[in-house]
Amino acid sequence: MALFENEREVFVQFITHSSQDLKGFKHISDQHDFRVRVVEDMLREKKIELDFLDAVVGRGGLVRPIPGGTYRVTSKMVKNLQAAEWGEHASNLGGIIAFALGEEIGIPSYIVDPVVGDEMIPIARISGVPDFERRSIFHALNQKAVAR
Numbered sequence: 032m033a034l035f036e037n038e039r040e041v042f043v044q045f046i047t048h049s050s051q052d053l054k055g056f057k058h059i060s061d062q063h064d065f066r067v068r069v070v071e072d073m074l075r076e077k078k079i080e081l082d083f084l085d086a087v088v089g090r091g092g093l094v095r096p097i098p099g100g101t102y103r104v105t106s107k108m109v110k111n112l113q114a115a116e117w118g119e120h121a122s123n124l125g126g127i128i129a130f131a132l133g134e135e136i137g138i139p140s141y142i143v144d145p146v147v148g149d150e151m152i153p154i155a156r157i158s159g160v161p162d163f164e165r166r167s168i169f170h171a172l173n174q175k176a177v178a179r
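As structure tokens, then:
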């Protein structure tokens, strides 16, 4: 978790959850309220008021294949992430949490470079089996950060 004021890093805090913390959740999306509380607690601990924020950004999850970039989180996207329509993954919580916080305080929420970032050229989709096309799914946010 990180907070920036314009280009200035205010703080970075790594948050981890043990298997014990998460054992009561059947599905990853069930962790939503728990993880929102953790983020809010961290902001309180750092003495950051929610109304100080101008926007909230979460890690992009498994959404429909789209080009890399920054996307506004909508209620439709949240429903897709909760239903795990494109797969269940912890990164799905990024958009869900960002949307919840944004809605709570009336600011926009975004995801960046979702893991299904699809910028494949047509030939890269060929799998060798005519009925199966390759899908683009990788840690786009990490890969693009390293490349930059």
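Position 47 (the sequence shown) corresponds to 78 in this note's numbering; numbering is contiguous. Heads up, the beta-carbon is just placed ideally off N, CA and C, and yes, glycines get one too.
When C-alpha distances from Thr-101 are compared across Lys-107, Gly-91, Val-109 and Arg-95, the shortest belongs to Gly-91. Just so you know, the alpha carbons of Val-143 and Pro-161 end up roughly 32 Å apart.
With fewer than three CB-CB distances shorter than 8 Å, the stretch 107 to 114 does not count as touching the stretch 68 to 84. DSSP places Ile-157 in the strand class (E or B) of the three-state scheme. Bounds of the beta strand (DSSP E) holding Gly-89 are 87 to 90. By the Cβ-count criterion, Ala-178 is exposed, with fewer than 16 other Cβ atoms from all chains shown falling within 10 Å of its own Cβ. Bounds of the alpha helix (DSSP H) holding Ser-50 are 50 to 53. For Phe-42, the uninterrupted beta strand (DSSP E) segment begins and ends at 39 to 43.
With contacts defined by Cβ atoms closer than 7 Å, Val-104 and Pro-145 do not form a contacting pair. In the assembly as shown, Val-87 is a buried residue. Its beta-carbon has 16 or more other beta-carbons within 10 Å. Collapsing the DSSP output to three states places Ser-122 in coil. Assignment of Ala-115 by DSSP, reduced to helix, strand and coil, places it in the coil class. DSSP places Phe-56 in no alpha helix (DSSP H); its state is neither H nor E.
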